[in-house]
Every structure is written in C-alpha cells, then in structure tokens.
Amino acid sequence: MLLLHSVEAGPVATMGYVLADAQRSSAILVDVPLESSAQLTALLRDHDLRVTQIVLTHGHFDHVGEVASLARRLQVPVSIGREDAPMLEDPGSMFMSMPISIEGMTPQQLLDDGDVIECGELRLEVLHVPGHTTGHVALYERQQGILFSGDVLFHSSIGRTDLPGGDYDTLMTSITRKLLTLPDETVVYPGHGPSTTIAYERSHNPFILEYLEHF
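Numbering (the numbering used here), first residue to last: 2 to 216.
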C-alpha cells in the first residue's frame with residue numbers, strides 16, 4: 002500500500018510530501034519548505050525510509066527553502082522544472098525584500114513535460130503546468146490516482162499570477178488542458194491547504210467555473 006505523509010511548515014504554511022511505494026524500498030520528497038527539515042527527517046526515520054530523490058514543483062522560496070541542506074545531508078539528487086532552475090540557483094532573486102536567507106543550489110536533473118520519475122513501484126509523470134511560474138511542474142501517479150499540484154491548483158482556489166513568471170491565461174490553460182483532463186477521482190495534493198479531487202474542483206472551484214463560462 003502506498004505510503005504518503007505530509008508536513009506543513011514555514012511562514013506561509015507550505016506543504017511538503019513524503020511518498021513511498023508499497024514495499025517501502027525507496028521514497029521521494031516533493032518540495033522542502035522552510036522550517037520543514039526536522040519534520041521530514043523524523044518521518045523518514047520513523048518509517049525507516051531511504052530517499053532516492055527530491056522533486057520540486059517550482060522554484061519559489063517557500064517550496065525550496067531547505068532543499069540544499071537536506072539534499073546534502075541525505076546525499077540525493079534534486080529535480081526541478083527546466084525553466085525554474087535559475088530560481089533554485091538564486092532563491093533570493095525574486096524575494097530580495099524579504100528578511101529570509103535561503104541557500105541556492107544547482108539541480109541535478111531538469112524536468113520537462115512527459116518525463117517520468119520512478120521510485121520503486123511508483124511512476125510520477127511530469128506535467129509542465131506554467132502560469133504560476135514558467136517552469137512549474139505537477140506530478141501525477143496514474144496507478145495510485147494522485148496528483149501533486151504545487152501552487153497551480155488548490156482546494157477551491159488557484160495559484161497567484163502576480164509574481165515574476167506568472168500569467169493568468171497561461172495558468173488557466175494549464176489547469177483546464179492538463180489537470181482537469183485527469184480522471185475525476187484523482188486526489189490532488191496542493192502546495193498549500195487541504196487535499197481535494199479533480200471532480201470537486203471542476204464542479205466547485207469558483208475561479209475555474211468563472212473561466213469556463215467564457216470559453
């Protein structure tokens with residue numbers, strides 16, 4: 002049975018996820034928020050998990066805040082969407098006004114649409130979903146029916162588009178053409194807030210409903 006645990010950490014309550022296959026042979030971390038290392042390390046220890054890779058949905062500071070130090074400690078590679086790599090290398094470039102110091106790093110793998118990340122029996126399909134950032138990716142595990150949506154799609158909301166690299170029309174195209182086409186029962190684990198489903202967001206998300214009224 003799939004093992005999935007979440008942590009919520011940092012100044013803007015960002016979600017990080019620990020995902021392992023049924024055999025617990027290996028695990029993947031999805032995003033490493035600020036102030037999350039202790040929680041993530043405890044989860045790994047408590048479940049006796051060996052991390053093989055850290056995958057980042059995008060390069061914003063709250064999702065990559067402690068990835069450099071944790072990756073170094075665990076000695077594992079880090080992956081991120083190709084266009085967001087510069088943000089990971091220089092995390093402060095977008096948030097110079099914030100009194101937060103974040104260590105940058107060079108990712109070992111750049112992700113493109115259609116790539117597949119394997120973790121034991123799990124296969125995470127990479128979906129390039131720009132709009133919140135240019136290189137934002139979502140991760141879809143088809144057999145388990147789960148999606149890590151990062152900051153593109155939330156419970157009853159969508160990602161903001163007023164930051165560098167953000168674009169409303171691009172975001173809505175990503176949501177409607179890449180995410181809403183997934184099976185209704187797909188469980189969505191976002192970068193902030195509670196989980197949801199594709200069916201619920203298609204029928205209840207006010208931002209999606211408003212957009213679809215005009216198309």
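By construction, the Cβ of each residue, glycine as well, lies at the ideal position given by its N, Cα and C atoms.
CB contact flag (residue i, residue j, <8 Å)
i      : j      : result
Leu45  : Val19  : yes
Gly132 : Leu112 : no
Gln109 : Val79  : yes
Thr187 : Ile147 : yes
Met106 : Leu123 : no
Asp152 : His59  : yes
Gly17  : Ala28  : no
Ser150 : Leu180 : yes
His193 : Ala14  : yes
Glu202 : Leu125 : no
Thr42  : Val77  : no
Asp85  : Gly136 : yes
C-alpha distance - residue i paired with residue j, whole-angstrom precision
i      : j      : result
Pro191 : Val127 : 15 Å
Thr177 : Thr197 : 16 Å
Asp163 : Met173 : 14 Å
Ala72  : Ser26  : 19 Å
Pro12  : Asp185 : 32 Å
Gly115 : Tyr141 : 10 Å
Cys120 : Leu75  : 16 Å
Leu183 : His64  : 24 Å
Three-state class that DSSP yields for residue i in the structure shown
i      : result
Val65  : helix
Ile199 : helix
Phe216 : coil
Ser157 : coil
Met97  : Confidence at Met97 is low in this model, with a pLDDT of 47, below 50, so the placement of that residue is unreliable and no value is reported for it.
Met16  : strand
Ile29  : strand
Ile228 : Here the chain covers residues 2 to 216 and nothing more, so residue 228 does not appear.
Thr58  : coil
Pro191 : strand
Neighbourhood of residue i by C-beta distance below 6 Å, restricted to the same chain and skipping five residues each side
i      : result
Pro195 : His156
Proximal residues to residue i (C-beta, below 8 Å), its chain only, five neighbours per side dropped
i      : result
Gln145 : Leu3 and Leu123
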